[in-house]
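Engineer:
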Amino acid sequence: MPSSVDLAANYAESGVAQVLEQLDQELIGLVAVKTRIREIAALLLVDQARQQLELPSTAPSLHMSFTGNPGTGKTTVAQRMSQILHRLGYLRKGHVVTASRDDLVGQYVGHTAPKTKEMLKRAQGGVLFIDEAYYLYKPDNERDYGAEAIEILLQEMESRRGDVVVIFAGYKDRMDRFYSSNPGLSSRVPHHLDFPDYSDADLMAIAGLLLDAQQYRFSAEAEQAFAEYIALRRQLPFFANARSIRNAIDRARLRQANRLFARMAEALTKDDLITIEAPDIRASRVFAGQVEGHYPVESDA
């Protein structure tokens, strides 16, 4: 039996550092969330070191709760967390299966159990990410089968804790009520991570990342216009943080393309093709106090 372990070597060999670095590159801010992810990674590395020295080791429960508004990075963090657990040997595959109430709850007797078990089977070796999890529980409806799905999840979370990690996600206030009404569920979820809304500066930085990734840029006037856009957009309904920013960039690209198409008789330079101008931003209905798009969360501007 070895008398010591090289924790730095174990960390380097695991490849976890690359995942954490990717998380930093992908997500602006979220300092508290990233800190908790690093703490969990450190716990698992130390747990492995204890095993190497034949010290008592108990497999930690890794089920989690992610609370926050849309577009705050919950799905991205779930994906990176699954990769970390896979690289450290706690999950066999490291994939993420996303489920909603419709994927888990049936409409008649005997339908819920096979649906829930099928989703758990698909998630084996990885993460089952249940979005808007509070919709599973409808105490006012006696004919609702969500409670059955929760009971099956509770059983599997305990018996298969080494083969599947369940992450419940949704709005914070609704998730708090969800856990308060299900004490058995709350006790099986040791890691609660809250994803705050992004600040205006964070959202501007996110826009910069999105533009860089697609080899676009704002002109100085467009950058100022987009800063104004952010301040106005977050005051309107259905604001979805980074998701709304991505949609806004996509719409700006459409307007830029239409503007350049109107100049098709002219020779276009590289600067023309990569630069978003102020009119491409200010044409948004947001400046008139309106939200563009029929489906507000997915197609807003």
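The sequence shown runs 118 to 418 under our numbering.
All residues carry an ideal CB built from backbone N, CA and C; glycine is no exception.
DSSP state of H308, grouped into three classes?
Structural biologist: strand
Engineer: With three or more beta-carbon pairs closer than 8 Å as the criterion, would you say the segment 208-223 touches the segment 326-336?
Structural biologist: Flag = no, the segment 208-223 and the segment 326-336 do not touch.
Engineer: My guess is that D314 and N186 are in contact by the Cβ rule of under 8 Å, so how many angstroms apart are they, rounded?
Structural biologist: 6 Å
Engineer: Cα-Cα, which of N375, R351, V136, I366 is closest to A339?
Structural biologist: I366
Engineer: Secondary structure at L245, three-state DSSP: helix, strand or coil?
Structural biologist: strand
Engineer: State the Cα-Cα distance for the pair M236 and R305, rounded to the nearest angstrom.
Structural biologist: 19 Å
Engineer: From what residue to what residue does the beta strand (DSSP E) around A286 run?
Structural biologist: 281-287
Engineer: Starting from L230, trace the alpha helix (DSSP H) both ways and give me its first and last residue.
Structural biologist: Going by the sequence as given, residue 230 is Ala instead of Leu. Taken as a continuous stretch (DSSP letters only), the alpha helix (DSSP H) holding A230 covers 229-240.
Engineer: On the three-pair Cβ rule with 8 Å, is the segment 213-229 touching the segment 386-403?
Structural biologist: no
Engineer: Which residue or residues does DSSP assign as beta-bridge partners of E181?
Structural biologist: Sequence inspection shows Met at residue 181; the Glu mentioned does not correspond to that position. DSSP, once it has assigned bridges, lists I284, H308 as partnering M181.
Engineer: Distance, Cα to Cα, A324 vs L377?
Structural biologist: One C-alpha to the other measures close to 21 Å.
Engineer: What residues are listed by DSSP as bridge partners for T392?
Structural biologist: R334
Engineer: Considering only their Cβ atoms, is the gap separating V136 from Q200 smaller than 8 Å?
Structural biologist: Yes.
Engineer: Kindly confirm or deny that the segment 155-165 and the segment 124-136 touch, where touching means at least three C-beta pairs closer than 8 Å.
Structural biologist: yes
Engineer: For D438, which residues from the same chain have a beta carbon less than 6 Å from its beta carbon, with the 5 sequence-adjacent residues on both sides left out?
Structural biologist: Residue 438 lies beyond the range of the chain shown here (118 to 418); nothing can be said about it.
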